[in-house]
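Residue numbers (the working numbering), protein chains in the order written: chain A, 78 to 325; chain B, 78 to 325. Heads up, the beta-carbon is just placed ideally off N, CA and C, and yes, glycines get one too.
Protein chains: 2
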Amino acid sequence: MAKTDTHMTMRVVNHIRSMIESGGLQPGDRIPPEREFARKLRISRASLRTGIGYLAAMGVMDVRHGVGTFVADGPPEIGKSSLSLLGALHGFQSWQMFEARRILESELAALAAERGHEHHFAALSEEVAEMYATVGNAMEYLIHDIRFHRVIAQASGNPILAALMETITSALYDERRKTAERSRDLKESADLHREIYRAIRTRNAAEARAVMKRHLAMAQSAQDLEAMAGEPKSDARTRKGRPRPAEV
Amino acid sequence: MAKTDTHMTMRVVNHIRSMIESGGLQPGDRIPPEREFARKLRISRASLRTGIGYLAAMGVMDVRHGVGTFVADGPPEIGKSSLSLLGALHGFQSWQMFEARRILESELAALAAERGHEHHFAALSEEVAEMYATVGNAMEYLIHDIRFHRVIAQASGNPILAALMETITSALYDERRKTAERSRDLKESADLHREIYRAIRTRNAAEARAVMKRHLAMAQSAQDLEAMAGEPKSDARTRKGRPRPAEV
DNA sequence: GTATTCTAGTGGTCGGACCTCTCGAAGGTC
DNA sequence: GACCTTCGAGAGGTCCGACCACTAGAATAC
Chain A
78 MAKTDTHMTM RVVNHIRSMI ESGGLQPGDR IPPEREFARK LRISRASLRT GIGYLAAMGV
138 MDVRHGVGTF VADGPPEIGK SSLSLLGALH GFQSWQMFEA RRILESELAA LAAERGHEHH
198 FAALSEEVAE MYATVGNAME YLIHDIRFHR VIAQASGNPI LAALMETITS ALYDERRKTA
258 ERSRDLKESA DLHREIYRAI RTRNAAEARA VMKRHLAMAQ SAQDLEAMAG EPKSDARTRK
318 GRPRPAEV
Chain B
78 MAKTDTHMTM RVVNHIRSMI ESGGLQPGDR IPPEREFARK LRISRASLRT GIGYLAAMGV
138 MDVRHGVGTF VADGPPEIGK SSLSLLGALH GFQSWQMFEA RRILESELAA LAAERGHEHH
198 FAALSEEVAE MYATVGNAME YLIHDIRFHR VIAQASGNPI LAALMETITS ALYDERRKTA
258 ERSRDLKESA DLHREIYRAI RTRNAAEARA VMKRHLAMAQ SAQDLEAMAG EPKSDARTRK
318 GRPRPAEV
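Set out below in structure tokens:
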């Protein structure tokens with residue numbers, strides 16, 4: 078994009094980037110201690126830290142106090158921590174997040190039906206069973222709910238879409254964690270998950286997509302109702318969507 | 078997520094976050110000079126800078142050397158700069174990016190057909206005309222191509238989906254900017270864009286989605302062919318997708 | 001009036017001191 | 001021997017204070 082060489086920050090980022098791209102640095106690997114690494118790169122420790130901080134903010138590095146700095150392991154995250162902040166800044170509406178989720182997850186379900194493997198199906202089945210077993214405990218239920226959707230994302234075979242979904246859903250939970258569902262809803266919810274599972278297992282992509290869409294629409298309206306009952310204040314952040322001119 | 082109060086970084090982030098959420102800080106606004114702000118927050122300038130750097134990396138703040146630090150203006154960006162890095166790290170395949178783009182943009186087109194306003198249609202029409210006028214110049218053509226898709230994203234009325242699309246497409250351009258199309262392809266491409274435009278203008282969501290999907294599928298296979306011809310090296314980053322256990 | 005130079009203000013870099021956290025090693029206790 | 005406690009090396013976190021580099025507008029020169 079830019080000079081890519083002037084700012085120390087970018088020098089660090091590019092250096093690490095090339096180490097990653099060349100395969101010299103893999104997820105889970107550790108980079109040298111700051112003092113040593115700074116000496117090697119011929120920059121100050123402060124500058125090195127700036128660069129590392131940048132990478133950490135993007136989810137590429139994992140800095141552990143007293144231990145060391147590592148290349149991020151685990152599933153990729155795309156702007157997971159930034160979304161809620163950006164939401165506050167740009168006034169994202171929760172229906173927009175739900176819409177994004179609906180689109181992503183329904184396609185994810187369809188892909189899972191097409192590409193899922195037997196172990197995915199088994200995991201889904203497991204979670205559905207657990208959901209039925211915990212309809213009386215919203216807390217427990219939620220765990221399996223989340224896992225169910227996560228397994229579908231993995232089964233889709235597209236880590237990018239999975240990461241995007243993760244970003245959206247985590248922001249959504251963030252927004253209102255308090256909404257405690259009632260048992261009756263949970264039973265219904267479990268039924269729908271079971272339907273989704275069946276559609277995926279029978280590799281019926283269209284059906285999987287449709288049921289997932291239905292499930293999420295239902296979840297949304299349930300949350301909307303609760304939210305309305307809970308806090309009838311008209312959202313303070315209402316901002317008229319200034320029709321921004323089509324910019325390049 | 079965490080203590081949210083121990084680390085200086087988070088103290089800064091939370092402070093600014095609350096300023097944003099309370100409406101005291103709007104896009105484009107400027108925060109106090111570092112020295113002054115640090116004094117006010119009773120922390121060192123270095124720590125303040127760490128926090129600001131974090132926010133800047135997430136696209137929330139815009140730091141301008143010699144000028145000041147501002148709350149990001151312009152359209153929201155979700156992990157735009159991180160995707161290519163994450164891609165290198167997790168070995169994202171380009172077909173996966175295309176698939177994500179196909180899904181996002183086809184739904185975006187459908188939404189645009191449902192919700193677009195007259196000025197969006199006018200802008201789309203404008204870009205289509207420009208595309209036809211520049212089929213002989215791939216460089217120029219590309220600009221209008223990008224704008225066309227961007228207008229659709231705006232017309233969808235969902236800034237979150239628009240931001241996600243922007244993230245994917247920018248990473249895609251990043252990956253192979255060199256692929257210069259031939260004029261014949263451009264003419265075909267322009268025709269498809271015209272079809273998309275018409276579907277949207279006539280508020281035919283299903284048609285818009287379908288044509289967009291077709292357009293992107295075509296674009297993908299075109300790039301694949303060029304890529305294959307250009308660099309027949311088998312991707313070095315092949316990694317067996319260790320079936321990670323479904324974690325919470 | 002225009003072009004050049006200066007300068008105040010702001011972010012960027014430095015290095016080097018000191019604090020805090022983690023984890024394993026070394027001892028001590030039962 | 002198994003377990004708990006203590007300790008210390010090594011790593012990141014914070015701070016300070018000085019100085020560098022960039023930007024924009026004011027002052028000056030022509």
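- Setting aside the 5 residues that flank it on each side, residue 230(A) is surrounded in the same chain by 185, 239 and 242, each with a C-beta closer than 6 Å to its C-beta; the list follows chain order.
- Pairing residue 107(A) with residue 147(A) gives a Cβ-Cβ distance under 7 Å.
- Counting only the Cα atoms, residue 99(A) lies some 21 Å from residue 115(A).
- Scanning 246(A), 117(A) and 94(A) for the CA closest to the CA of residue 178(A) turns up 246(A).
- Residue pairing for residue 148(B): DSSP places it in a beta bridge opposite 138(B).
- Against chain B, a Cβ distance below 9 Å from residue 155(A) picks out 155, 156, 159, 160, 163, 241 and 244.
- The residues 152 and 153, in chain order, have a CB closer than 8 Å to that of residue 236(A) in the same chain once the five nearest residues on each side in sequence are set aside.
- Among the residues facing chain B, residue 127(A) is included, as its CB has a counterpart in that chain under 7 Å away.
- If you draw a 10 Å sphere on the C-beta of residue 208(B), you find 16 or more other C-beta atoms in it, and that means buried.
- Cα atoms of residue 263(A) and residue 120(B): separation of roughly 47 Å, rounded to the nearest angstrom.
- Closest in C-alpha terms to residue 201(B), from the list 295(B), 227(B), 103(B) and 219(B), comes 227(B).
- Taking a C-beta cut-off of 7 Å against chain B, the contacting residues of the stretch 89-114 of chain A are 94, 97, 98, 100 and 104, listed in chain order.
- Residue state for residue 155(B) is assigned as coil, using DSSP reduced to three classes.
- Listed by position along chain B, the residues whose Cβ is nearer than 7 Å to that of residue 169(A) are 236 and 237.
- Flagged as an interface residue toward chain B: residue 135(A), by a C-beta distance shorter than 7 Å.
- In this chain, residue 170(B) is not harboured by any alpha helix (DSSP H), its DSSP state being neither H nor E.
- In this structure residue 195(A) is exposed. Its beta-carbon is surrounded by fewer than 16 other beta-carbon atoms within 10 angstroms.
- Burial state of residue 274(B) is buried, judged by a 10 Å Cβ sphere holding 16 or more other Cβ atoms.
- The continuous alpha helix (DSSP H) containing residue 201(B) extends over residues 195-210.
- Not one beta carbon of chain B lies nearer than 7 Å to the beta carbon of residue 189(A).
- Put simply, the backbone Cα of residue 212(B) is about 13 Å away from that of residue 269(B).
- Taking a Cβ-Cβ cut-off of 8 Å, the neighbours of residue 177(A) in chain B comprise 235, 237, 238 and 241, given in sequence order.
- For residue 120(B), the three-state secondary structure derived from DSSP is coil.
- If you ignore the 5 residues before and after residue 118(A), its C-beta comes within less than 8 Å of the C-beta of 88, 89, 92 and 125, all in its own chain and listed in chain order.
- Only exposed fits residue 141(B), as fewer than 16 other CB atoms lie within 10 angstroms of its CB.
- In summary, residue 222(B) is buried, with 16 or more beta-carbon neighbours lying within 10 Å of its beta-carbon over all protein chains present.
- In this structure, the CA atom of residue 266(B) is about 11 Å from the CA atom of residue 289(B).
- Bounds of the alpha helix (DSSP H) holding residue 92(A) are 85-98.
- The C-beta of residue 120(B) comes no closer than 7 Å to any C-beta of chain A.
- Neighbours of residue 123(B) across chain A, judged by C-beta separation under 8 Å: 123.
- Assignment of residue 280(B) by DSSP, reduced to helix, strand and coil, places it in the coil class.
- Partner residues in the beta bridge of residue 108(B), as assigned by DSSP, are 146(B).
- For the pair residue 156(A) and residue 156(B), the Cα-to-Cα distance works out to about 4 Å.
- Against chain A, the CB of residue 300(B) has no partner CB under 7 Å away; the residue lies outside that interface.
- Interface residue (Cβ-Cβ distance to chain B less than 7 Å): residue 131(A) is classified as such.
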